[in-house]
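Read top to bottom, the protein sequences are chains F and R.
Counting in this note's numbering, the first sequence runs from 2 upward without gaps.
Counting in this note's numbering, the second sequence runs from 2 upward without gaps.
We put the beta carbon where it would ideally sit given N, CA and C, even for glycine.
Number of protein chains: 2
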Amino acid sequence: MSPLHVVEPGEDVLKTRMIEASARIESTLNALLPLKGGPEARLYQAMRYATMNGGKRLRPFLVLSSAALFGVRESCALRVAAAVECVHCYSLVHDDLPAMDDDDVRRGKPSTHRAYDEATAILVGDGLLTLAFETLANPETHEDPLIRANLSLALAKAAGARGMVGGQMIDMLAPQALQGDGDIGAITRLQRLKTGELFAFACESGAILGRGDNTRRQALHAFAHDMGLAFQIADDLLDLEGREEEVGKALRKDVRAGKATFVSILGIERARDQAQLLVDQAVQHLEIFDERADNLRMVARFVVDRRA
Amino acid sequence: MSPLHVVEPGEDVLKTRMIEASARIESTLNALLPLKGGPEARLYQAMRYATMNGGKRLRPFLVLSSAALFGVRESCALRVAAAVECVHCYSLVHDDLPAMDDDDVRRGKPSTHRAYDEATAILVGDGLLTLAFETLANPETHEDPLIRANLSLALAKAAGARGMVGGQMIDMLAPQALQGDGDIGAITRLQRLKTGELFAFACESGAILGRGDNTRRQALHAFAHDMGLAFQIADDLLDLEGREEEVGKALRKDVRAGKATFVSILGIERARDQAQLLVDQAVQHLEIFDERADNLRMVARFVVDRRA
Numbered sequence: 002m003s004p005l006h007v008v009e010p011g012e013d014v015l016k017t018r019m020i021e022a023s024a025r026i027e028s029t030l031n032a033l034l035p036l037k038g039g040p041e042a043r044l045y046q047a048m049r050y051a052t053m054n055g056g057k058r059l060r061p062f063l064v065l066s067s068a069a070l071f072g073v074r075e076s077c078a079l080r081v082a083a084a085v086e087c088v089h090c091y092s093l094v095h096d097d098l099p100a101m102d103d104d105d106v107r108r109g110k111p112s113t114h115r116a117y118d119e120a121t122a123i124l125v126g127d128g129l130l131t132l133a134f135e136t137l138a139n140p141e142t143h144e145d146p147l148i149r150a151n152l153s154l155a156l157a158k159a160a161g162a163r164g165m166v167g168g169q170m171i172d173m174l175a176p177q178a179l180q181g182d183g184d185i186g187a188i189t190r191l192q193r194l195k196t197g198e199l200f201a202f203a204c205e206s207g208a209i210l211g212r213g214d215n216t217r218r219q220a221l222h223a224f225a226h227d228m229g230l231a232f233q234i235a236d237d238l239l240d241l242e243g244r245e246e247e248v249g250k251a252l253r254k255d256v257r258a259g260k261a262t263f264v265s266i267l268g269i270e271r272a273r274d275q276a277q278l279l280v281d282q283a284v285q286h287l288e289i290f291d292e293r294a295d296n297l298r299m300v301a302r303f304v305v306d307r308r309a
Numbered sequence: 002m003s004p005l006h007v008v009e010p011g012e013d014v015l016k017t018r019m020i021e022a023s024a025r026i027e028s029t030l031n032a033l034l035p036l037k038g039g040p041e042a043r044l045y046q047a048m049r050y051a052t053m054n055g056g057k058r059l060r061p062f063l064v065l066s067s068a069a070l071f072g073v074r075e076s077c078a079l080r081v082a083a084a085v086e087c088v089h090c091y092s093l094v095h096d097d098l099p100a101m102d103d104d105d106v107r108r109g110k111p112s113t114h115r116a117y118d119e120a121t122a123i124l125v126g127d128g129l130l131t132l133a134f135e136t137l138a139n140p141e142t143h144e145d146p147l148i149r150a151n152l153s154l155a156l157a158k159a160a161g162a163r164g165m166v167g168g169q170m171i172d173m174l175a176p177q178a179l180q181g182d183g184d185i186g187a188i189t190r191l192q193r194l195k196t197g198e199l200f201a202f203a204c205e206s207g208a209i210l211g212r213g214d215n216t217r218r219q220a221l222h223a224f225a226h227d228m229g230l231a232f233q234i235a236d237d238l239l240d241l242e243g244r245e246e247e248v249g250k251a252l253r254k255d256v257r258a259g260k261a262t263f264v265s266i267l268g269i270e271r272a273r274d275q276a277q278l279l280v281d282q283a284v285q286h287l288e289i290f291d292e293r294a295d296n297l298r299m300v301a302r303f304v305v306d307r308r309a
């Protein structure tokens with residue numbers, strides 16, 4: 002971030018791998034969301050607009066990296082990765098709605114309700130969420146129905162009222178609940194629900210697909226939560242210090258809303274230290290894995306150094 | 002409907018059975034949606050508000066009636082019934098939003114976004130849809146993971162862009178697409194997607210749970226589509242002839258919007274004849290079943306004679 006910022010070993014390697022993975026995710030999403038004619042053409046166009054828009058594909062990359070630890074066939078992992086991205090993109094579409102965060106720009110383009118309309122955006126979100134579960138339950142994702150059912154159950158828990166949706170509800174109430182000097186515990190819990198549980202699903206999904214033992218699954222879970230929190234602190238820092246053109250969405254919203262964040266409570270320096278501490282901790286959870294976990298190790302380092 | 006309307010044999014029996022079933026559905030939903038404390042209390046309250054509100058529970062009743070044909074344990078069928086009701090209720094919450102149909106009243110009470118707010122209503126819908134898949138994938142629903150995965154896949158297909166969400170999209174575009182003298186084919190397709198596919202899932206779910214053969218599953222599918230279309234024609238008639246206090250929602254909206262419906266195209270008498278024809282056809286599909294299918298037979302007769 003500073004002019005003295007030293008390129009981490011592996012940062013270029015990671016970028017290359019993420020770009021390669023993005024292309025494979027894109028083509029999986031393309032297959033799941035065919036262009037349609039007829040009266041529902043608009044819905045499919047808008048679903049494609051909301052998903053195939055050059056996101057970083059961080060969560061899908063976590064799925065692929067986790068799957069690689071257990072020797073999972075990539076065709077299976079790609080479908081799970083696409084399902085996670087559908088859930089992530091649906092949550093962005095709904096969160097951007099006027100009644101929610103009211104954001105007009107996403108990934109540098111008009112958000113879905115601006116490019117289409119609100120009704121279409123609501124239906125796009127509903128359709129993408131449903132598509133995620135359709136994808137996981139489909140035998141093409143894995144021949145073992147127990148694995149398909151376990152994936153569906155774990156994703157539903159991560160995405161629903163006890164996970165992402167619950168976190169978004171708390172965030173909507175936050176101007177009252179977390180105003181000014183909200184405590185770190187409450188914010189940590191909010192972020193764990195709002196973004197952490199889906200990260201955790203992404204990181205654990207390889208273990209579900211590859212029938213990994215409990216120790217490995219728990220290690221990935223712990224990695225995901227520390228990495229996810231570091232990601233969120235970096236997000237708060239970006240919100241404060243980033244350039245809108247680079248980040249691709251409206252910034253400084255939390256400050257204007259007087260919302261408590263990690264940075265508003267800890268201050269910039271301590272927040273940055275805390276993020277680094279979480280990254281170190283995240284990487285330590287991966288000790289039981291060999292060099293095949295290097296992608297995950299690099300991701301953890303990357304998330305605190307990103308500019309977008 | 003007319004003063005000479007003769008009570009169908011079985012109408013009272015059906016009412017009693019539906020009320021009994023409603024109580025069991027209600028207690029299953031109650032267990033799936035516990036009251037919570039903490040900052041997300043509002044979300045759970047609103048999810049309960051949107052579901053535990055005295056609906057007719059027609060779709061859950063279809064699930065239980067279908068399951069009874071295959072000797073499925075009721076504890077399993079009730080969870081599938083609750084999942085279907087979660088999907089139905091989520092669709093009502095989102096459809097009622099200002100950006101969609103903008104309805105202030107639902108089942109005689111303020112719709113969810115009026116009782117809470119729009120952001121909460123969006124999240125309630127998202128949470129209920131996710132809960133449906135969480136419920137189906139949970140081993141408590143069935144010990145065989147193949148059945149759980151098949152249920153999830155079938156529900157996702159029925160609810161998603163190729164089903165309910167697609168139908169709602171077409172309906173939103175309908176003022177342009179089906180204005181004035183839209184054709185019966187287009188309306189039939191719209192309704193098949195918007196309401197028919199979820200009816201079909203409800204009716205087939207017993208066959209999935211009870212490993213019914215293809216002939217039986219297809220018979221239930223055909224029954225559901227004819228019955229669902231009759232249901233929709235009855236809905237159009239109610240919209241024209243019903244009393245808002247009895248029906249529990251705003252009426253005469255289609256006429257005001259100049260939207261083509263079965264009734265606007267066929268006229269009242271022919272629409273009523275058509276509904277009756279569909280009911281007879283629906284009941285014929287059940288010929289391969291014995292008297293255990295009487296609930297389904299009665300439902301088919303009931304849907305065209307309802308006042309709410």
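From residue i to residue j, what distance separates their C-alpha atoms?
i, j, result
"residue 250(F)", "residue 72(R)", "55 Å"
"residue 229(F)", "residue 174(R)", "40 Å"
"residue 92(R)", "residue 154(F)", "21 Å"
"residue 219(R)", "residue 133(F)", "26 Å"
"residue 203(F)", "residue 255(R)", "45 Å"
"residue 90(F)", "residue 233(F)", "17 Å"
"residue 270(F)", "residue 196(F)", "23 Å"
"residue 114(R)", "residue 263(F)", "31 Å"
"residue 289(R)", "residue 54(R)", "36 Å"
"residue 163(F)", "residue 44(R)", "10 Å"
"residue 8(R)", "residue 303(R)", "Below a pLDDT of 50, predicted positions are generally treated as unreliable, and residue 8(R), at 43, falls in that range; the measurement from the model is reported next regardless. Distance between the alpha carbons of residue 8(R) and residue 303(R) is about 10 Å."
"residue 237(F)", "residue 260(F)", "11 Å"
"residue 278(F)", "residue 305(F)", "11 Å"
"residue 225(R)", "residue 169(R)", "19 Å"
"residue 2(R)", "residue 189(R)", "Because the pLDDT at residue 2(R) is just 40, under 50, the model does not fix this residue reliably, and the value given afterwards should be weighed accordingly. Straight-line Cα distance between these residues: approximately 24 Å."
"residue 18(R)", "residue 293(R)", "13 Å"
Run through chain F and tell me which residues come within less than 8 Å of residue i, C-beta to C-beta.
i, result
"residue 167(R)", "41, 44, 128"
"residue 139(R)", "154"
"residue 174(R)", "40, 43"
Report buried or exposed for residue i, applying the criterion of at least 16 other Cβ atoms within 10 angstroms of its Cβ.
i, result
"residue 52(F)", "buried"
"residue 74(R)", "exposed"
"residue 258(R)", "exposed"
"residue 180(R)", "Annotation note: pLDDT 48 at residue 180(R) (below 50); position unreliable, coordinate value reported separately. Looking at its Cβ environment, which holds fewer than 16 other Cβ atoms inside 10 Å, residue 180(R) is exposed."
"residue 28(R)", "exposed"
"residue 35(F)", "exposed"
"residue 5(R)", "Bear in mind that a pLDDT of 40 at residue 5(R), under 50, signals an unreliable position, so the model cannot answer this."
"residue 265(R)", "buried"
"residue 301(F)", "buried"
"residue 112(F)", "buried"
Could you spell out the range, first to last residue, of the alpha helix (DSSP H) harbouring residue i?
i, result
"residue 61(R)", "59 to 70"
"residue 260(F)", "That residue, residue 260(F), is in no alpha helix (DSSP H); it is neither H nor E in DSSP."
"residue 205(R)", "198 to 210"
"residue 50(R)", "42 to 52"
"residue 250(F)", "No alpha helix (DSSP H) contains residue 250(F), which DSSP labels as neither H nor E."
"residue 299(R)", "295 to 306"
"residue 223(R)", "215 to 242"
"residue 91(R)", "75 to 96"
"residue 28(F)", "12 to 33"
"residue 114(F)", "113 to 116"
Under 7 Å Cβ-Cβ, which residues of chain F neighbour residue i?
i, result
"residue 160(R)", "131"
"residue 48(R)", "162"
Report back the beta-carbon spacing between residue i and residue j to the nearest angstrom; my notes put them in contact at under 8 Å.
i, j, result
"residue 140(F)", "residue 146(R)", "Actually they are not in contact, since the Cβ atoms of residue 140(F) and residue 146(R) sit about 12 Å apart, beyond 8 Å."
"residue 24(R)", "residue 61(R)", "Actually they do not touch by this definition, with Cβ atoms about 11 Å apart."
"residue 135(F)", "residue 158(R)", "6 Å"
"residue 86(F)", "residue 123(F)", "Not confirmed; about 19 Å, so no contact."
Residue i versus chain R: which residues are under 7 Å apart at the beta carbon?
i, result
"residue 149(F)", "150"
"residue 135(F)", "154, 157, 158, 161"
"residue 95(F)", "123, 127"
"residue 171(F)", "40, 41"
At a cut-off of 7 Å, is residue i close to the ligand ZN when judged by its beta-carbon and the heavy atoms of the ligand?
i, result
"residue 134(R)", "What this structure holds is no ligand at all, so the ligand ZN is not there to describe."
At a CB-CB cut-off below 9 Å, which residues of chain R make contact with residue i?
i, result
"residue 98(F)", "100, 119, 120, 123"
"residue 188(F)", "Going along chain R, no residue has its Cβ under 9 Å from residue 188(F), so there is no contact; the nearest lies around 11 Å."
"residue 146(F)", "145, 146, 147, 148, 149, 150, 151"
Please compile the residues from chain F whose C-beta is within a distance smaller than 9 Å of the C-beta of residue i.
i, result
"residue 286(R)", "Within chain F, no residue comes near residue 286(R); the closest Cβ sits about 27 Å away, beyond 9 Å."
"residue 26(R)", "Correct list: empty, because the minimum Cβ distance to chain F is about 19 Å."
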